[in-house]
Amino acid sequence: MLRAYKYRIYPTDEQKVLFAKTFGCVRVVYNWGLDIKSNLYKEKKESIGVVALTNRMKLELKAEKEWLGEVNSQALQMAIRNLDTAYQNFFKKNGKYPNFKSKHDRQSFHNPQHCSVDFKRGVLNIPKAKNIPTVFHRKFKGDKIHDVTISKEKDGRYYASILVDTFEKPLPKKLVTDDTTIGIDTGLKTFAVCSYGEEFAAVHFLKEEKRKLKLLGRKLSKKKKGSKAFNETKQRIAKAHSRVARKRLDYLHKITHRLTHENQVGTICVEDLNVKGMVRNKHLAYDISDAGIGMFYTLLAYKCQWYGINLVEIGRFQPSSKQCSCCGYINKTLTLSVRHWTCPECGASHDRDHNASVNIKNFGLATLRMERPEVKPVECPLVDDRASAPKKQRHREAGKAISKCNLEAPKSLA
Ligand SMILES: [Zn+2]
């Protein structure tokens, strides 16, 4: 299994110069390749592969720009490979059309070979740069380094992301039982509510820094563009933003770690929230991005895979908040502002979010049982299998599951 480890590095002045040069060269090669690919496609509807483009780069571009020879040639080849991946993602509809890279954005380059670490001395070695001071806050097992990405963030910090083959296999999927299944409802009022009762508060990291950022933005607008003071203020804004992002990521890691380790959890059911679709709603976009709901699902998905936990998405259009989790009555009059309600059918009193999380758990279990009536643990559908099925079909399946299964009252509420 490949795992990425990200460390902060403190390159020497000499290494910083080399990095700056490499960032520049990689950017030039990437943009040159993108230009060729775009034009070829526009004019002749043709594409050019990695090998052909790499050969052209060696013959044409390197002859024209001799300074490209001063940096690690493999980093340049990786730039072309990355461009190709970006194109493939675009054609698979997994990403946007690749953009030209700018020197004002985050900078990075890849080293696919000849990299090593020395944990004792706290240094990282890559081609052309030896003994880069590195803070190894955690060690990794296995010494097969797949590749090393050196990056410089907008706030001026340098990082090394090391991709390591750990030779571990993901743990086998756990058995699905009612007791070890939890449902999670995510929202903006409370970040996450679990069916077993635990809640995680919503923290608005960006909102906390908003006043400061506003002030800095006003300062920046009064400075002359390109002046020393302008660049310093810009740096301070970048630093504030990166602090926000780091705090948020830390919080999300803590929640997802807890969820995947708590109560011997074996199955986690979540709503298939179309986060991207929600962000397009301009009234909610700011809050959703600030809460980091999209990132939460990404982290949760890979941690579930590592620890052998079944992750089940339920259909986005299931009435998870409106249905009574005890008797199945659907409260059609329930609006967003109502946080507590009492079921007119069975008299159960519900906290809106908790009721939703219990429903999500029940829908998830029902979906699993429908798909594989007598499941053995290992054969439970992985989230990856489901993701490849077309969306419409998935929702239809989920709908069928609900209509055929009787929802029992969960133990926690009984
Ligand atoms: Zn009820």
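So for the sequence shown, my numbering puts the first residue at 469; every next one is plus one. All C-beta atoms, glycine included, are put in the ideal place defined by N, C-alpha and C. Computed from a predicted structure; not experimentally measured.
Inter-residue CB distance, residue i and residue j (contact presumed, cutoff 8 angstroms)
i              : j                 : result
cysteine 596   : asparagine 540    : For the record, residue 596 in the displayed sequence is lysine; it is not cysteine. That pair is a contact at about 5 angstroms.
glutamine 703  : glycine 624       : 6 angstroms
isoleucine 761 : isoleucine 652    : Wrong, their Cβ atoms sit about 11 angstroms apart, outside the cutoff.
threonine 634  : arginine 471      : 5 angstroms
threonine 617  : serine 576        : 6 angstroms
tyrosine 475   : phenylalanine 604 : 6 angstroms
arginine 606   : tyrosine 473      : 7 angstroms
isoleucine 782 : glycine 832       : 5 angstroms
glycine 439    : proline 640       : In the structure as shown, the chain begins at 469 and stops at 882. Residue 439 is therefore absent and cannot be evaluated.
leucine 683    : isoleucine 705    : Not quite, the Cβ-Cβ distance comes to about 10 angstroms (not below 8 angstroms), so this is no contact.
leucine 656    : alanine 759       : 6 angstroms
When the options are compared against residue i, the one with the closest alpha-carbon
i              : options                        : result
tyrosine 754   : Ala816, Ser793, Leu674, Arg726 : Leu674
tyrosine 770   : Thr810, His721, Phe659, Thr803 : His721
alanine 834    : His578, Thr649, Phe558, His818 : Thr649
histidine 614  : His605, Lys607, Asn579, Glu636 : Asn579
threonine 803  : Lys513, Asp821, Ala488         : Asp821
tyrosine 765   : Asn799, Lys800, Ile723         : Ile723
glycine 796    : Lys641, Ala816, Leu529, Lys489 : Ala816
methionine 529 : Asn799, Trp500, Ala543, Arg714 : Residue identity check: residue 529 is leucine in the sequence provided, not methionine. Selected option, being the one with the closest Cα: Trp500.
valine 661     : Lys696, Arg686, Glu739         : Glu739
serine 793     : Ile736, Ser663, Phe698         : Ser663
tyrosine 565   : Gln545, Glu534, Tyr509         : Tyr509
asparagine 823 : Pro638, Ala628, Ile798         : Ile798
serine 825     : Cys814, Lys800, Pro812, Val780 : Val780
alanine 543    : Lys489, Glu534, Glu511, Ser584 : Lys489
alanine 628    : Thr658, Glu482, Val585         : Val585
lysine 612     : Met469, Lys790, Asn567         : Met469
valine 806     : Pro812, Asp819, Cys814, Glu813 : Asp819
arginine 714   : Met763, Met546, Thr654         : Met763
aspartate 622  : Thr701, Arg686, Phe668         : Correcting the residue type first, residue 622 is lysine in the shown sequence and not aspartate. Lysine 622 has its Cα closest to that of Thr701, out of Thr701, Arg686, Phe668.
proline 638    : Cys737, Leu836, Asn778, Glu482 : Asn778
leucine 767    : His725, Lys800, Lys750, Asn699 : His725
Beta-bridge pairing of residue i - partner residues as DSSP gives them
i              : result
glutamine 575  : Lys620
leucine 592    : Val585, Ile600
tryptophan 809 : His818
threonine 658  : Ala669
alanine 834    : The partner list for alanine 834 (beta bridge, DSSP) is empty, contrary to what the question assumes.
aspartate 653  : Val661
valine 632     : Arg471, Ile613
glutamine 556  : Glutamine 556 is not bridged to any residue.
glutamine 791  : Ile798
glutamate 781  : Val738
Original post:
Can you give, in chain order, each stretch of the beta strand (DSSP E) that sits fully within the stretch 469-542 and has at least 3 residues?
Top reply: 470-477
Original post:
Hey, is the stretch 708-721 in contact with the stretch 645-658, meaning 3+ C-beta pairs nearer than 8 angstroms?
Top reply: no
Original post:
When the Cβ atoms of the stretch 567-583 are set against those of the stretch 494-510, are three or more pairs found closer than 8 angstroms?
Top reply: yes
Original post:
Taking contact to mean at least 3 C-beta pairs separated by less than 8 angstroms, is the stretch 531-545 in contact with the stretch 555-570?
Top reply: no
Original post:
Below 8 angstroms, can you find three or more Cβ-Cβ pairs linking the stretch 578-593 to the stretch 518-534?
Top reply: no
Subject >> Complete beta strand (DSSP E) runs within the stretch 721-779 (minimum length 3 residues, chain order) >> reply: 735-739
Original post:
Would you call the stretch 504-520 and the stretch 546-554 touching, i.e. three or more CB-CB distances under 8 angstroms?
Top reply: yes
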